[in-house]
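Enquirer: Submitted below is the structure of interest, expressed as structure tokens.
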Amino acid sequence: MKMKVLVFFVATILVAWQCHAYDMFPLRMNTGYGARTPEVRCASWRLAVEAHNIFGFETIPEECVEATKEYIHGEQYRSDSKTVNQQAYFYARDLEVHPKDTFVFSIDGTVLSNIPYYQKHGYGVEKFNSTLYDEWVNKGNAPALPETLKNYNKLVSLGFKIIFLSGRTLDKQAVTEANLKKAGYHTWEKLILKSVFFFLYTIFSSQLILNVAPNLPGRNSL
Numbered sequence: 000m001k002m003k004v005l006v007f008f009v010a011t012i013l014v015a016w017q018c019h020a021y022d023m024f025p026l027r028m029n030t031g032y033g034a035r036t037p038e039v040r041c042a043s044w045r046l047a048v049e050a051h052n053i054f055g056f057e058t059i060p061e062e063c064v065e066a067t068k069e070y071i072h073g074e075q076y077r078s079d080s081k082t083v084n085q086q087a088y089f090y091a092r093d094l095e096v097h098p099k100d101t102f103v104f105s106i107d108g109t110v111l112s113n114i115p116y117y118q119k120h121g122y123g124v125e126k127f128n129s130t131l132y133d134e135w136v137n138k139g140n141a142p143a144l145p146e147t148l149k150n151y152n153k154l155v156s157l158g159f160k161i162i163f164l165s166g167r168t169l170d171k172q173a174v175t176e177a178n179l180k181k182a183g184y185h186t187w188e189k190l191i192l193k194s195v196f197f198f199l200y201t202i203f204s205s206q207l208i209l210n211v212a213p214n215l216p217g218r219n220s221l
């Protein structure tokens, strides 16, 4: 019997940022050929990010802060989350569920909302500060994304085993488990976090590449 594993995450969020709120981004121009409103520029930037034509950025454009704020606190963000969760549920509902079938949820920005953190830090216009973010995580007060919580409960009732996956390190296990339960996620099969040693190895490897790569032979030969 073949086990099915379904992976689910919501790619909204402020670090990878989307801002496609209905009437807040009218595709119109000001007077003059080629003139554009900030709303149009923000929508174009968002589209380029979603198409992976812009990547590796550290912050959202400063002129798009208000648009991001409007999107997050308006109806569109909740609607986007609902649509994505519904489609995941519809797919899972039509499967013949077996005892070992598993649904994998990403935690940050999908299961638990990190909006309260970004709300205090410019909605993504400030460079990400891992120390401040860890301090916020350690408070264990991240709320559930309502539509994801609904989907989670439906999937549990269908018989799926739940796995939570996060880039958080293992020292955050206790606070993460407590936060999940506090937010309404009452059961899961496994919580997968990163080893602190893996995290340090990643940083070391990245720094090594930065130091060595400029001196590699042939780097400037093209």
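Counting from 0, one number per residue, gives the positions in the sequence shown under numbering that gives the first Met the number 0. Here a beta-carbon is modelled for each residue, glycine too, at the ideal position from N, C-alpha and C. Note that this is a predicted model, so its numbers are computed, not measured.
1) Tell me, please, whether the segment 155-164 touches the segment 121-136 by the rule of three or more beta-carbon pairs shorter than 8 angstroms.
2) Following the continuous alpha helix (DSSP H) through residue 162, name the residue where it begins and the one where it ends.
3) Pairing CB atoms from the segment 109-125 with CB atoms from the segment 38-55, are three or more of them under 8 angstroms?
4) Following the continuous alpha helix (DSSP H) through residue 112, name the residue where it begins and the one where it ends.
5) If we ignore side chains and look at the alpha-carbon of each, how far apart do residue 226 and residue 61 end up?
6) Which residues does DSSP pair with residue 190 in a beta bridge?
7) By Cβ distance, which residues of its chain are closer than 6 angstroms to residue 177, with the 5 residues on each side in sequence left out?
8) Hey, could you find the ends of the alpha helix (DSSP H) residue 89 is sitting in?
9) In the structure shown, what three-state DSSP assignment does residue 141 receive?
10) Counting C-beta neighbours from all protein chains within 10 Å, is the total for residue 67 16 or more, i.e. buried, or is it exposed?
11) Just checking my contact of residue 116 with residue 64 at CB under 8 angstroms: how many whole Å lie between their CB atoms?
12) Look up residue 58 in the DSSP assignment and say whether it is helix, strand or coil.
13) Buried or exposed for residue 20, please, with buried defined as at least 16 other CB atoms from any protein chain shown within 10 angstroms of its CB.
14) Rounded to whole angstroms, what's the CA-CA distance from residue 137 to residue 114? Just pull it up for me.
15) Can you check which of these residues, 102, 97, 76, is closest to residue 87 by C-alpha distance?
16) State the start and end residues of the unbroken alpha helix (DSSP H) segment that holds residue 174.
17) Residue 54 to residue 151, Cα distance in whole Å?
18) Among 143, 91, 191, 170, whose alpha-carbon lies nearest the alpha-carbon of residue 156?
19) Output yes or no for whether 8 angstroms exceeds the beta carbon distance between residue 183 and residue 143.
20) Which residues bound the beta strand (DSSP E) around residue 103?
21) Classify residue 84 as buried or exposed, calling it buried when 16 or more other Cβ atoms lie within 10 Å of its own Cβ.
22) Specify the secondary structure class of residue 64 as computed by DSSP and reduced to three states.
23) Anyone know if the C-beta pair for residue 168 and residue 193 falls short of 8 angstroms?
Expert: If we stick to the structure as given:
1) no
2) Run containing residue 162: none in the alpha helix (DSSP H); it sits in the beta strand (DSSP E), 160-168.
3) no
4) Run containing residue 112: none; DSSP gives neither H nor E here.
5) Outside the shown range of the chain, which is 0 to 221, sits residue 226, and nothing can be said about it.
6) Residue 190 is bridged by DSSP to 163.
7) 139
8) From DSSP, the alpha helix (DSSP H) with residue 89 extends over 74-92.
9) coil
10) Classification for residue 67: buried.
11) Between residue 116 and residue 64, the beta carbon gap of about 15 angstroms keeps them out of contact (Cβ cut-off 8 angstroms).
12) Three-state DSSP puts residue 58 in coil, outside helix and strand.
13) Here residue 20 scores only 32 on pLDDT, less than 50, and its place in the model should not be relied on; the value that follows carries that caveat. Answer is buried; the Cβ neighbour count reaches 16.
14) 15 angstroms
15) 102
16) 172-182
17) 30 angstroms
18) 91
19) yes
20) 101-105
21) Residue environment: residue 84 is assigned as buried (16 or more neighbouring CB atoms within 10 Å of its CB, all protein chains considered).
22) Helix.
23) yes
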